[in-house]
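Numbering (our numbering), first residue to last: 1 to 450.
1. Where does residue 314 land, buried or exposed, given buried means 16+ other C-beta within 10 angstroms?
2. Mapping the DSSP letters down to three states, classify residue 449 as helix, strand or coil.
3. List the whole-angstrom C-beta distance separating residue 23 from residue 184, where the pair is believed to meet the contact cut-off of C-beta under 8 Å.
4. Could you name the residues of the same chain whose beta carbon sits closer than 7 Å to that of residue 240, not counting the 5 residues immediately before and after it, in chain order?
5. What separation, rounded to the nearest whole angstrom, lies between the Cα atoms of residue 28 and residue 226?
6. Scan the stretch 98 to 139 and note each continuous alpha helix (DSSP H) run of 4 residues or more that stays entirely inside, going in chain order.
7. Grouping DSSP H, G and I as helix and E and B as strand, with all else coil, what is residue 231?
8. Using a Cβ-based criterion (distance less than 8 Å to any ligand heavy atom), does residue 64 qualify as near the ligand GDP?
9. Should residue 378 be labelled buried (16 or more other beta-carbon atoms within 10 Å of its own) or exposed?
10. Unbroken alpha helix (DSSP H) runs of length 4 or more, entirely within the stretch 259 to 292: which are they?
11. To the nearest angstrom, report how far apart residue 37 and residue 395 are at their CA atoms.
12. If residue 111 and residue 145 are in contact, beta carbons under 8 Å, what's the gap, nearest whole angstrom?
13. Using DSSP with H/G/I as helix, E/B as strand and the rest coil, what is residue 296?
14. Would you call the stretch 263 to 277 in contact with the stretch 312 to 331, where contact means no fewer than 3 C-beta pairs closer than 8 Å?
15. Name the one or two DSSP bridge partners that residue 84 has.
16. Within 8 Å, do at least three Cβ pairs link the stretch 214 to 233 to the stretch 420 to 438?
17. Work out the CA separation of residue 31 and residue 166 for me, nearest whole Å.
18. Which partner residues of residue 327 appear in the DSSP bridge assignment?
19. Inspect the CB distances between the stretch 201 to 219 and the stretch 397 to 406 and report whether three or more fall short of 8 Å.
20. Measuring alpha carbon to alpha carbon, tell me which of 148, 175 and 133 ends up nearest residue 157.
21. Using only the alpha-carbon positions, how far apart do residue 176 and residue 447 sit?
22. With distances taken from CA atoms, which of 295, 409, 128 and 339 is nearest residue 318?
23. With distances taken Cα to Cα, identify the nearest neighbour of residue 85 among 74, 78, 68 and 77.
24. In whole angstroms, what separates the C-alpha of residue 389 from that of residue 375?
25. Between residue 416 and residue 425, what straight-line distance do the alpha-carbon atoms span, to the nearest angstrom?
26. Buried or exposed: where does residue 250 fall if 16 or more other Cβ atoms within 10 Å of its Cβ makes it buried?
27. By how many angstroms is the C-alpha of residue 393 removed from the C-alpha of residue 200?
28. Strictly by DSSP, which residues pair up with residue 171?
29. Consult DSSP for residue 58 and reduce its assignment to one of helix, strand or coil.
30. Quick one: what's got a C-beta closer than 7 Å to residue 45's C-beta in the same chain, skipping five residues either side?
31. Who are the Cβ neighbours of residue 244 in its own chain at under 6 Å, not counting the five residues just before and after it?
32. Please state whether the Cβ-Cβ distance between residue 193 and residue 41 is less than 9 Å.
33. From residue 346 to residue 4, what does the alpha carbon distance come to, in whole angstroms?
34. Can you tell me the Cβ-Cβ gap for residue 161 and residue 128, rounded? I've got them flagged as a contact below 8 Å.
35. What does the alpha-carbon distance come out to for the pair residue 419 and residue 441?
36. Does the Cβ-Cβ distance between residue 139 and residue 94 come in under 9 Å?
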């Protein structure tokens with residue numbers, strides 16, 4: 001089958017989206033590719049269509065077990081022979097997949113990067129005709145990427161061990177200029193076709209709130225929108241449980257998703273959300289990768305994410321049908337401290353293979369990204385423009401479709417007030433909290449101020 005026949009018969013589309021055909025044609029001609037395409041732009045089609053055209057097998061390297069399962073199930077449902085190899089399989093199941101692969105049963109195999117250099121997998125690929133290696137979430141190979149994973153460094157070693165170098169195709173939704181250059185270098189892409197389709201999603205409305213009570217703000221929003229499908233992101237499992245529990249008690253059709261649930265419950269809750277039996281999902285960032293649900297009308301971040309990349313990727317799960325959707329972020333100062341804690345815990349848990357100097361470098365990089373995320377929460381400039389400039393895309397400084405663009409601001413000179421506050425903090429020896437300082441600046445007559 002040619003590319004157009006595959007697109008129509010397998011995926012049901014009559015035409016390719018922006019950037020897809022150029023990437024597919026390059027891969028089919030034997031040229032390496034790098035595709036940087038926002039969430040919802042159809043990255044998986046860019047490597048799946050060539051995979052079904054090539055004579056040999058395609059290996060897709062992905063860091064997320066849930067994403068592998070979802071994409072393989074979707075392929076199998078439309079009649080494509082596909083499988084995955086990761087830690088969720090038993091030893092017997094893994095052996096069966098490898099036996100089938102040797103017999104030529106599959107066109108596409110998804111594999112976790114940790115499996116690449118095992119003796120059993122190297123033995124398998126040595127017996128196969130490999131037409132293409134596709135690296136999903138390719139930013140994970142860059143120390144400058146928002147989700148660097150040392151296990152991705154094995155990808156290059158794996159490619160070097162193959163008897164014949166296949167086409168290398170790298171894809172990611174979010175990459176700054178530095179990350180893009182790092183992907184090309186680290187993967188050794190040879191004269192690649194690089195396609196950046198643009199980050200702007202014009203149908204998404206961006207809004208930023210700093211409510212006294214996040215729960216009250218959420219309940220007010222759901223009074224008007226509770227019948228629509230939406231995702232509410234929280235940055236801890238505890239917050240997911242609290243928010244989902246409160247919404248459930250108030251009668252909203254809501255479910256939950258986080259890594260602390262069993263595989264069976266996560267699968268059940270995900271399917272309930274996709275099928276709209278419970279159209280409201282409260283989740284950590286463990287949810288959403290590879291979820292192709294077109295009618296999500298809002299994404300609310302109950303907590304500020306740790307970086308712009310994560311925020312835009314998660315917000316981009318709204319409005320995949322091209323219709324208007326809202327992306328709302330609730331901010332509080334506590335969010336910064338929680339994210340600093342999560343950055344430290346992630347560094348301890350996921351980067352044992354790094355030395356202390358590398359850990360320090362990555363930690364500072366993560367904190368710098370957190371600062372830029374925090375600045376987003378305080379800017380009076382166009383919210384969309386702030387995000388696009390972060391990714392190196394420059395255009396209009398006013399989009400007309402975000403809260404800041406639709407709000408009239410008044411400039412006020414607060415130099416004198418700021419000097420009074422800073423001076424009092426300094427002369428009082430940094431011994432008092434915020435409320436005491438404010439009381440003193442205001443001249444409040446109470447015992448502590450006197």
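C-beta: ideal position from N, C-alpha, C; glycine also.
On the basis of the supplied data:
1. As a working note, residue 314 is residue 314 in the chain shown. Taking a 10 Å sphere around the C-beta of residue 314, we find 16 or more other C-beta atoms and assign the residue as buried.
2. The count along the chain shown starts at 1 and reaches residue 449 at position 449. Correct three-state label for residue 449: coil.
3. Position 23 of the chain shown, counted from the first residue, corresponds to residue 23. Position 184 of the chain shown, counted from the first residue, corresponds to residue 184. Contact check for residue 23 and residue 184: beta-carbon distance about 15 Å, past the 8 Å limit, so the pair fails to qualify.
4. Taking the first residue of the chain shown as 1, we reach residue 240 at position 240. Residues 234, 256, 258, 282, 283 and 284 of the same chain have their beta carbon placed closer than 7 Å to that of residue 240, with the five preceding and five following residues left out of the count.
5. Numbered from its first residue, the chain shown carries residue 28 at position 28. Numbered from its first residue, the chain shown carries residue 226 at position 226. Spanning the alpha carbons of residue 28 and residue 226 requires a straight line of approximately 46 Å.
6. For secondary structure counted as the alpha helix (DSSP H) over 4 or more consecutive residues, the stretch 98 to 139 holds these complete runs in sequence order: 119 to 125.
7. Against the chain shown, residue 231 aligns to sequence position 231. Reduced to three states, the DSSP call for residue 231 is strand.
8. This structure lacks the ligand GDP; in fact it carries no ligand of any kind.
9. As a position in the chain shown, residue 378 is number 378, starting the count at 1. By the neighbour-count rule (16 or more Cβ atoms within 10 Å), residue 378 is not buried but exposed.
10. Fully enclosed alpha helix (DSSP H) runs of 4 or longer: 263 to 274.
11. Locating residue 37 in the chain shown gives position 37, where the first residue counts as 1. Locating residue 395 in the chain shown gives position 395, where the first residue counts as 1. Inter-residue distance for residue 37 and residue 395 is about 18 Å (C-alpha atoms, whole angstroms).
12. Position 111 of the chain shown holds residue 111. Position 145 of the chain shown holds residue 145. The beta-carbon distance between residue 111 and residue 145, rounded to whole angstroms, is 20 Å. This is too long to meet the 8 Å contact definition.
13. Stepping through the chain shown from its first residue, residue 296 is reached at position 296. Three-state result, residue 296: strand.
14. The stretch 263 to 277 vs the stretch 312 to 331: no contact.
15. Residue numbering aside, residue 84 sits at position 84 when the chain shown is read from its first letter. Paired residues: 110.
16. Touching, no, given that fewer than three Cβ pairs across the two stretches are closer than 8 Å.
17. Here the question's residue 166 lines up with position 166 in the chain shown. Here the question's residue 31 lines up with position 31 in the chain shown. Looking at the two C-alpha atoms, the distance is approximately 9 Å.
18. Stepping through the chain shown from its first residue, residue 327 is reached at position 327. Looking at the DSSP assignment, residue 327 forms a beta bridge with 206 and 299.
19. With a cut-off of 8 Å, the stretch 397 to 406 and the stretch 201 to 219 count as touching, because enough Cβ pairs lie within range.
20. Here residue 157 refers to the residue found at position 157 of the chain shown. The residue among 148, 175 and 133 with its C-alpha nearest the C-alpha of residue 157 is 133.
21. What you label residue 176 is simply residue 176 of the chain shown in a count that begins at 1. What you label residue 447 is simply residue 447 of the chain shown in a count that begins at 1. One Cα belongs to residue 176, the other to residue 447, and the distance between them is close to 53 Å.
22. Position 318 of the chain shown, counted from the first residue, corresponds to residue 318. Closest in C-alpha terms to residue 318, from the list 295, 409, 128 and 339, comes 295.
23. In the chain shown, the residue the question calls residue 85 occupies position 85. With distances taken between Cα atoms, residue 85 lies closest to 68.
24. In the chain shown, the residue the question calls residue 389 occupies position 389. In the chain shown, the residue the question calls residue 375 occupies position 375. C-alpha separation (whole angstroms): 13 Å.
25. As a working note, residue 416 is residue 416 in the chain shown. As a working note, residue 425 is residue 425 in the chain shown. So the alpha carbons of these two residues sit roughly 14 Å apart.
26. For the purposes of this step, residue 250 is taken as the residue at position 250 of the chain shown. Exposed.
27. The sequence position of residue 200 within the chain shown is 200, counting from 1. The sequence position of residue 393 within the chain shown is 393, counting from 1. Spanning the two alpha carbons is a distance of roughly 9 Å.
28. Within the chain shown, residue 171 is the residue found at index 171, counting from 1. Residue 171 is bridged to 35.
29. On the chain shown, position 58 is the one that residue 58 refers to. Correct three-state label for residue 58: strand.
30. Position 45 of the chain shown, counted from the first residue, corresponds to residue 45. Short of 7 Å from the beta carbon of residue 45, and not among the five residues preceding or following it, lie these beta carbons of its own chain, in chain order: 11 and 20.
31. For the purposes of this step, residue 244 is taken as residue 244 along the chain shown, with counting starting at 1. Answer for residue 244: 254, 256 and 282, listed in chain order.
32. For the purposes of this step, residue 193 is taken as residue 193 along the chain shown, with counting starting at 1. For the purposes of this step, residue 41 is taken as residue 41 along the chain shown, with counting starting at 1. In this structure, residue 193 keeps its C-beta atom at 9 Å or more from the C-beta atom of residue 41.
33. Counting from one through the chain shown, the residue named residue 346 turns up at place 346. Counting from one through the chain shown, the residue named residue 4 turns up at place 4. Cα to Cα, residue 346 sits roughly 43 Å from residue 4.
34. To locate residue 161, count along the chain shown from 1; it is residue 161. To locate residue 128, count along the chain shown from 1; it is residue 128. That belief does not hold up - the Cβ atoms of residue 161 and residue 128 are roughly 13 Å apart, past 8 Å.
35. Residue numbering aside, residue 419 sits at position 419 when the chain shown is read from its first letter. Residue numbering aside, residue 441 sits at position 441 when the chain shown is read from its first letter. Computed Cα separation, rounded: 11 Å.
36. By one-based count along the chain shown, residue 139 stands at place 139. By one-based count along the chain shown, residue 94 stands at place 94. No, the pair does not count as a contact, with Cβ atoms beyond the cut-off.
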